[in-house]
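Shown next, in structure tokens, is the structure this report addresses.
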Amino acid sequence: MKWKIDREKCIKCGACVGVCPVMSLELKDEGIVNDLKKCIFCGVCEKVCPVGAIKVER
Ligand code: SF4
Ligand code: SF4
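Here is the structure:
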């Protein structure tokens with residue numbers, strides 16, 4: 004399973020942070036950071052991202 008973010012595309016809107024069911028996402032100065040120890044690869048963040056910056060493979 005993989006979780007990837009394209010920081011060039013990300014507009015730092017924070018939408019993904021708000022929908023993650025396990026609160027593994029955080030918006031930092033450098034962009035979105037995912038705590039992969041918590042992530043369950045559900046793909047909700049990928050669906051909600053308005054610019055398609057997140058890709059989840061499971
Ligand atoms: S795939 Fe699911 S659990 Fe993982 S960061 Fe995205 S919303 Fe959170
Ligand atoms: S939803 Fe997409 S554009 Fe918005 S902060 Fe998350 S990764 Fe970035």
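For the sequence shown, counting from 1, position 43 maps to 46 in the numbering used here; every step adds exactly one. Glycine included, every Cβ here is placed at the ideal spot set by N, Cα and C.
Per-residue DSSP class, three states only, for residue i
i      : result
Val-54 : coil
Rounded separation between residue i and residue j - CA only
i      : j      : result
Lys-7  : Cys-16 : 17 Å
Cys-23 : Pro-53 : 15 Å
Glu-29 : Ala-18 : 11 Å
Cys-48 : Val-20 : 8 Å
Assigned exposure category for residue i - 16 Cβ within 10 Å defines buried
i      : result
Leu-39 : exposed
Ile-57 : buried
Ile-14 : exposed
Ile-43 : exposed
Problem set entry | Whole runs of the beta strand (DSSP E) within the stretch 9-41, excluding any shorter than 3 residues | 28-31, 34-37
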